[in-house]
Amino acid sequence: MKTRLLRQGLMGGLLGLSLLLHGTAQAADPASAEELLATRCVACHQAEGGDKYSRISHQRKTPEGWLMTIARMQTAHDVPLTDEERRTLVKYLADRQGMAPSETADYRYALERRLNQQETLMEDPQLGEMCVRCHSGGRVAMQGRTEQEWHHLVNFHLGHWPALEYQALSRDRDWLNIALNETVPHLAKRFPLESEAWFQWMEQRPSAESLASRWVFRGHYTGKGEVAGSMTANYVGDDSFEIKLDGRYANGEPFTGSGTALLHNGHEWRANVDIDGTILRQVFSVVDNEMTGRMFERDRDERGLDFHAVAETAPTLLAVQPGYVKVGQEQELTLIGSGLNGTPQLGAGIEVLKVLDSSADRMRVQVRVAADAPVGVREVAVGEANGTTLAVYRQISEVRVVPDYAVARIGGNGSPTEKVEGRFDAEAWGLSEDGKTPYRIGFVPATWSVEPFDEEAEQLEDVKFAGVMDRETGVFIPGDAGPNPQRPMMANNVGNLKVLATVEEDGQAVTGEGQMIVGVQRWVIPPIP
189 MKTRLLRQGL MGGLLGLSLL LHGTAQAADP ASAEELLATR CVACHQAEGG
239 DKYSRISHQR KTPEGWLMTI ARMQTAHDVP LTDEERRTLV KYLADRQGMA
289 PSETADYRYA LERRLNQQET LMEDPQLGEM CVRCHSGGRV AMQGRTEQEW
339 HHLVNFHLGH WPALEYQALS RDRDWLNIAL NETVPHLAKR FPLESEAWFQ
389 WMEQRPSAES LASRWVFRGH YTGKGEVAGS MTANYVGDDS FEIKLDGRYA
439 NGEPFTGSGT ALLHNGHEWR ANVDIDGTIL RQVFSVVDNE MTGRMFERDR
489 DERGLDFHAV AETAPTLLAV QPGYVKVGQE QELTLIGSGL NGTPQLGAGI
539 EVLKVLDSSA DRMRVQVRVA ADAPVGVREV AVGEANGTTL AVYRQISEVR
589 VVPDYAVARI GGNGSPTEKV EGRFDAEAWG LSEDGKTPYR IGFVPATWSV
639 EPFDEEAEQL EDVKFAGVMD RETGVFIPGD AGPNPQRPMM ANNVGNLKVL
689 ATVEEDGQAV TGEGQMIVGV QRWVIPPIP
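Following the numbering used here, the numbering of the sequence shown begins with 189 at its first residue and continues without gaps.
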């Protein structure tokens, strides 16, 4: 379908196709990036000497950022490039003119397809009113340019979208003069081409081969729960890897698969992995022998898991699953990490009754929590391995719906787009020993439901038409796309819903609330929103 092809055509250009670098035999040796720049790009971009070109050499971007730029050159200016050649250019530019890990750390939600992220960049008027009103702040922030290049970008916007001066937050001001004389200097200072972070990263950037290892990982898959296991990354040359995952969910269901990965710029890890016939993408940043990021389905990016892994290079305690215990109870815990050897040290009031099974990366224990054990979040360890925490609670004082604001989208029903599900977790919070300070307990099972968010939603019967919430998993399936004859004015099955998560414990029920907008289809799906 059109939307699926768009996902695969743009994002796949980097995250999918880039993983097949050696998959197609060529009659002749493929052109190098230097040759492509000198033959395909130089027609418009003037050579400046020393492998530099106008416009191109005066900006830095993530792999997805370079993919979008090159794809625009193809669609808007008919630049002839094969998929192989586009991959070559993206790899070359992302390696030479990429972003340091610290420069992207606050904005990786955009790369990881966390499309319900609520940005705070609107607090900066130069970004919020001039840039973020059209696309994510992450898209702006994950690039570096000279002041002249930011100036060119403003002119590009006005040339391609001349009506932007008449839009909201433009027509009420002298937009162009503000953009050129105030916004451009602000952007050049905040997101420069040359930065200390980039220079430092270039000096310490590790080789791809150094990441070949066995990695121990843990994650949380919304709607399915905790997952843990190992991932083996075998280096095969040209910054590429063959990977195998061997894990399982907390309920014992397997989480296994294999795939290929490509490393950009020493830390930007991109992979496609086949998990039981479903292709999941990995978008990680790898720094100091730690992988962090998100795995998500290639065709349904709202389905995915947070991912955290450590290389088996030093003893590390990565996670305790579940990450909480209740006072006065016995409970089974699974400790995930690397180099686990010794007795778990879980802190005052927690007794390890029995080690049920144990290996270097996984230890399962039965514990008893004293009725007077101090509540709160504590650091725990196994021998020399540490690095994670465990929450001890007496009662749940609050439940928060995560995300607290989400957008689901209608689809299907013969339309060219799939439905976009709403997926939620119930996050429990408790009060510390002082009875005042809140602390996070963790994600807990809940009973899920939806209600009209306001009076208008009740009058329009949004609960009836917008979709169905799974009471056990917190996964909301939106309604079908298209006009509905049963609704006033044959409206679509859109809605404004209140999301309720109810947690019952010891006869007490605690309910958290969130909001979900069930909107119309999403037609434009760029790699960076």
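Built from N, CA and C at the ideal position, the CB exists for glycine as well.
Shortest Cα-Cα distance from Leu357 to any of Glu317, Glu370, Leu299 involves Glu317. Residues Glu485 of the same chain have their beta carbon placed closer than 7 Å to that of Thr466, with the five preceding and five following residues left out of the count.
Selection Val638, Arg710, Asp489, Ile598 evaluated against Tyr297 yields Asp489 as nearest (Cα-Cα). About 48 Å separates the beta carbons of Pro676 and Ser473, which is beyond the 8 Å limit, so they are not a contact pair. For Met479, the enclosing beta strand (DSSP E) stretches over residues 478-485. The straight-line gap separating the alpha-carbon atoms of Leu688 and Glu414 is approximately 21 Å. Straight-line measurement puts the Cα of Asn460 at about 26 Å from the Cα of Pro268. Sorting Ile665, Trp457, Lys686 by C-alpha distance to the C-alpha of Ala645 places Lys686 at the top.
Contact between the segment 701-716 and the segment 596-604 is present: 3 or more CB-CB pairs across the two stretches fall below 8 Å.
In the structure shown, Asp668 adopts extended strand secondary structure according to DSSP, grouped into three states. With respect to the C-alpha of Leu399, the residue from Glu300, Glu586, Leu381, Met419 having the closest C-alpha is Met419. In the structure shown, Trp363 falls within a helical segment according to DSSP collapsed to helix, strand and coil. Checking the DSSP bridge columns, you'll see Arg556 partnered with Glu518, Glu539.
With contacts defined by Cβ atoms closer than 8 Å, Gly537 and Ala558 form a contacting pair. Arg659 carries a coil assignment under DSSP once its states are collapsed to helix, strand and coil. Considering only Val608, Ala421, Ala697, Glu615, the residue with the shortest C-alpha distance to Gly667 is Val608.
Pro251 has no beta-bridge partner at all, per DSSP. In the DSSP assignment, Pro626 falls within the unbroken beta strand (DSSP E) covering 626-632.
One Cα belongs to Gly695, the other to Gln519, and the distance between them is close to 20 Å. Cβ-Cβ distances below 7 Å link Gln554 to Glu518, Glu520, Leu541, Lys542, Leu544 in the same chain, with the five nearest sequence neighbours on each side left out; the list follows chain order.
Between Gly445 and Asp464 a beta carbon distance of about 7 Å is seen, short of the 8 Å cut, so the two are scored as contacting.
For the 8 Å CB-CB criterion, Glu456 and Pro626 do not form a contact. When C-beta atoms of the segment 251-261 are compared with those of the segment 343-351, fewer than three pairs fall below 8 Å, so the two segments do not count as touching.
Note on Glu615: 16 or more other CB atoms within 10 angstroms of its CB, so buried under the neighbour-count rule. Contact check for Gly411 and Val663: beta-carbon distance about 5 Å, within the 8 Å limit, so the pair qualifies. With fewer than 16 neighbouring CB atoms inside 10 Å of its own CB, Phe344 falls in the exposed class. 8 Å or more divides the Cβ of Asn453 from the Cβ of Asp239. A residue is called buried once 16 or more other Cβ atoms fall within 10 Å of its Cβ, and Asp622, having fewer, is exposed. Classified as buried, Ala634 has 16 or more neighbouring CB atoms from the shown chains inside 10 Å of its CB. Here Glu335 carries a helix assignment [DSSP, helix/strand/coil]. For the options Glu567, Gly530, Met483, the alpha carbon positioned closest to that of Met551 is the one of Gly530.
Under the 10 Å beta carbon count, Phe405 is surrounded by 16 or more other beta carbons and is classified as buried.
Assignment of Asn343 by DSSP, reduced to helix, strand and coil, places it in the helix class. In the three-state DSSP reduction, Gly286 falls in the coil class, being neither helix nor strand. When Met287, Met704, Glu384, Thr501 are compared, the shortest CA-CA separation from Ala596 is found for Met704. As computed with DSSP, Gln703 is found in a beta bridge with Tyr593, Lys686.
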